[in-house]
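K.L.:
Questions regarding the structure given below will be posed in turn.
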Amino acid sequence: RRQVLCPMKIAQGMEKINFSGGEPFLQDRGEFVGKLVQFCKQELELPSVSIVSNGSLIRKLWFEKYGEYLDILAISCDSFDEDVNVLIGRRQGKKNHVENLHKLRQWCREYAVAFKINSVINRFNVEEDMNEQIKALNPVRWKVFQCLLIEGENSGEDALREAEKFVISDEDFDRFLDRHKDVSCLVPESNQKMRDSYLILDEYMRFLNCRNGRKEPSKSILDVGVEAAIKFSGFDEKMFLKRGGKYVWSKADMKLDW
């Protein structure tokens with residue numbers, strides 16, 4: 001199942017699109033998402049096009065073909081300890097997740113793609129000190145999420161996976177943030193900030209409302225249009241701005257040492 005996260009300005013059109021998962025590089029070994037990225041940048045002329053991936057399927061050839069159209073690549077990395085990655089479920093076959101992360105970082109430099117890291121803080125990594133590793137990788141943003149339960153997604157009888165054993169308290173999350181307060185690129189997202197501050201579109205182009213602890217779909221924008229569908233998205237614009245959702249997200253505007 002694919003999801004598209006897209007902060008929008010309804011009156012002016014879409015400004016940013018983010019392809020998230022599942023894993024976006026599964027379909028056609030990345031060709032499908034590559035063509036989407038190229039279309040969004042060339043045809044739609046969006047200021048920012050980004051992808052969230054676990055990085056396991058990305059090849060250098062993909063950067064050669066599509067890197068120029070991608071503004072930001074966010075790689076999910078929950079731990080720099082391979083044993084912890086196995087516990088969390090970040091095993092990548094014979095690949096070392098951390099070694100692969102550094103390789104992807106280098107490719108982003110070579111092909112002028114802004115590099116971002118996403119980490120979900122949970123019971124297995126909440127005591128970890130990631131300061132040294134994050135500073136070495138030097139991402140433009142390090143998004144640090146508190147593990148969030150979504151009914152039907154990772155919680156409840158019909159859930160696709162069970163995440164109850166990963167949940168941490170607000171106090172645990174705050175202690176992790178305090179331990180990493182000197183990392184300048186850190187962007188924290190507690191459960192409260194995360195739940196209502198994203199516009200999420202599923203594969204049927206329906207907004208997913210997470211306010212009630214589960215993903216409740218609106219009618220498809222293909223059927224009723226954006227303005228009608230977005231009323232049922234549960235989107236909290238004030239929280240979106242409060243969590244730092246609006247930032248310099250086009251690589252054309254970034255002053256980076258690629």
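Numbered by UniProt numbering, the letters in the sequence shown go through residues 1 to 258 in order. Glycine is no exception: its CB is placed at the ideal position from the N, C-alpha and C atoms. None of the values given here were measured: they were computed from a predicted structure.
Let me make sure I understand the geometry here. Which of N54, V226, F124 has the alpha-carbon closest to that of P24?
P.N.:
Closest option to P24, Cα to Cα, is N54.
K.L.:
Would Q12 be called buried (16 or more neighbouring beta carbons within 10 Å of its own) or exposed?
P.N.:
Summary for Q12: the model assigns pLDDT 47, below 50, so the residue's position carries little reliability; its value from the coordinates is reported in the next sentence. Per the 10 Å Cβ criterion, exposed.
K.L.:
I'd like the list of long-range same chain contacts for F240, defined as Cβ closer than 8 Å, with 5 residues on each side in sequence excluded.
P.N.:
Excluding sequence neighbours, F240 sits near P7, S197, Y198, K246.
K.L.:
Looking only at its chain, what residues have a beta carbon closer than 8 Å to the beta carbon of K116, apart from the 5 residues adjacent to it on each side?
P.N.:
These residues qualify, in order along the chain: S50, I72, L73, A74, I75, P139, V140, R141, W142, K143.
K.L.:
Can A229 and F207 be called in contact, C-beta distance under 8 Å?
P.N.:
Contact flag set, yes.
K.L.:
For the pair the stretch 28–36 and the stretch 55–63, tell me if three or more CB-CB distances fall below 8 Å.
P.N.:
A contact exists between the stretch 28–36 and the stretch 55–63.
K.L.:
Within 10 angstroms of its Cβ, does H102 collect 16 or more other Cβ (buried), or is it exposed?
P.N.:
Exposed, by the Cβ-count rule.
K.L.:
Who are W142's beta bridge partners in DSSP?
P.N.:
The partner list for W142 (beta bridge, DSSP) reads I117, L186.
K.L.:
Give me, in chain order, the residues of the same chain whose beta-carbon lies closer than 8 Å to that of V167; leave out the 5 immediate sequence neighbours on both sides.
P.N.:
Cβ neighbours of V167 beyond the five flanking positions: N122, R123, C147, L149.
K.L.:
Let me check one thing: in DSSP terms, what residues is E216 bridge-paired to?
P.N.:
Its beta-bridge partners are N209.
K.L.:
Assuming A228 is part of the alpha helix (DSSP H), what are its boundary residues?
P.N.:
From DSSP, the alpha helix (DSSP H) with A228 extends over 226–229.
K.L.:
Using CA atoms only, rank isn't needed, just tell me which of Q133, M254, Q192 is closest to K238.
P.N.:
Closest option to K238, Cα to Cα, is Q192.
K.L.:
Could you tell me which residues DSSP puts in a beta bridge with N221?
P.N.:
The residue you asked about is not Asn; residue 221 is Ile in the sequence shown. In DSSP, I221 forms no bridge with anything.
K.L.:
Rounded to whole angstroms, what is the Cα-Cα separation between F39 and Y69?
P.N.:
Their Cα atoms are separated by approximately 9 Å.
K.L.:
Excluding five sequence neighbours on each side, which residues of the same chain lie with their C-beta closer than 8 Å to the C-beta of L57?
P.N.:
Correct list, in chain order: E23, F25, L26, R29, G30.
K.L.:
At the level of alpha carbons, what is the spacing between D174 and E127?
P.N.:
Going by the C-alpha atoms only, they are around 11 Å apart.
K.L.:
Taking the C-alpha atoms as reference points, what is the distance between P188 and I134?
P.N.:
The alpha-carbon atoms of P188 and I134 are separated by roughly 14 Å.
K.L.:
When burial is assigned at 16 or more other CB atoms within 10 Å of the CB, is Y204 buried or exposed?
P.N.:
Counting Cβ neighbours within 10 Å, Y204 comes out exposed, since fewer than 16 surround it.
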